[in-house]
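Read through the structure below, which is laid out as structure tokens, and then see the notes.
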Amino acid sequence: YIFQRFYSNKSINSIIFDLDGVIIDSETIYYKINKKSLAHFGVEYSMELKRGQMGRKLSEGVDYLLEETKLRDRGVKSEDYLAVYDKFFNEEINSTDGGWPLMTGANKLITHLHESKIKMALCTGSTSKEFPKKIGKCKELIEKMNTVVLSVDDSAVKSGKPSPDPYLVTIRRMFTHPSLPPIHHKNILVIEDSIHGVNSAISAGCKVCWIPQMEFYSLDELEYLESRIKKEDVDNLFVERINSLKEFIPEKYGLPSF
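Last residue of the sequence shown? That's 290 in the numbering used here, and every number before it is there in order.
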């Protein structure tokens, strides 16, 4: 059984990347924006709230916040929160010199996979309006992707993460050419930083590598979440948790080594 599970991980031939917290360090910026936005309404933004939001579409993340903080009961509507959020978001994105910073190891891995002719895609909850501003520092890396799906603005994506829709749409776009052989979802690896993203990828039938941003979790929380993922992962799709893309070992997945 152990051999079978290990061997099955070495059959990866395509990779789908999430953007925020995987390629660019945007989650810390989103944390700051939401902290300021909630403070405007007299509420403190906790790490627990942050983790509950991560990986969701913006509108779904706002709905979650208003429910959890009971702001909706106080008459605060989604559009009220978004008006404040947009103000702080625009300040942040306009003050960024050439895009948001890259995550450790992203440049090396994506460049290597591209040179090795590995099919790659990007599946992100970013909007078409913010996306170009966010990727200023990694535009060349994004251009190496065969497919880019902005799930918030994509009419084919009916529900955001943790629904499988974003990844199912991305996979369909990656393999639309009639000359391409049929793809088995277990041959696709998704690299995600959020629990919602991990669950979305597993629901889509893909293998998953989880790279949580350590500043948002305690070690106990990480171990608990990982054990919960594995318990519900009946098809053994969850492969591993690593601290950054710098720790990613391509040959572990049957991919060319650096």
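Note that the Cβ used here is the ideal one computed from N, Cα and C, for glycine as well.
Quantities reported herein were computed from a predicted structural model and do not represent experimental measurements.
For serine 276, the closest C-alpha among the options Met246, Val266, Asp265, Phe290 is that of Met246. Its Cα nearest to that of threonine 128, the residue Ser58 stands out among Leu269, Ser58, Glu258, Phe270. In this structure, asparagine 41 places its C-beta atom within 8 angstroms of the C-beta atom of valine 271. Contact between the region 233 to 249 and the region 193 to 200 is present, with at least three C-beta pairs closer than 8 angstroms. The continuous stretches of beta strand (DSSP E) do not include lysine 89, and DSSP gives it neither H nor E. Taking the CA atoms as reference points, alanine 138 sits about 23 angstroms from lysine 218. As computed with DSSP, serine 46 is found in a beta bridge with Lys151, Ile220. By the CB criterion at 8 angstroms, valine 230 and isoleucine 281 fall outside the cutoff.
C-alpha of lysine 171 to C-alpha of lysine 165: approximately 10 angstroms in a straight line. When C-beta atoms of the region 67 to 74 are compared with those of the region 114 to 122, three or more pairs fall below 8 angstroms, so the two segments count as touching.
Across the structure, glutamate 92 and tyrosine 285 are spaced so that their CA atoms are roughly 33 angstroms apart. In this structure tyrosine 199 touches cysteine 155 by the C-beta definition: roughly 6 angstroms separates them, less than 8 angstroms. About 5 angstroms separates the Cβ atoms of methionine 177 and methionine 152, confirming a contact at the 8 angstroms cut-off.
Excluding the 5 residues flanking it on each side, leucine 269 has same chain C-beta neighbours closer than 8 angstroms at Lys218, Ala233, Ile234, Gly237, Cys238, Lys239, Val240, in chain order. Membership of lysine 239 in the beta strand (DSSP E) is indicated by the continuous run 239 to 242.
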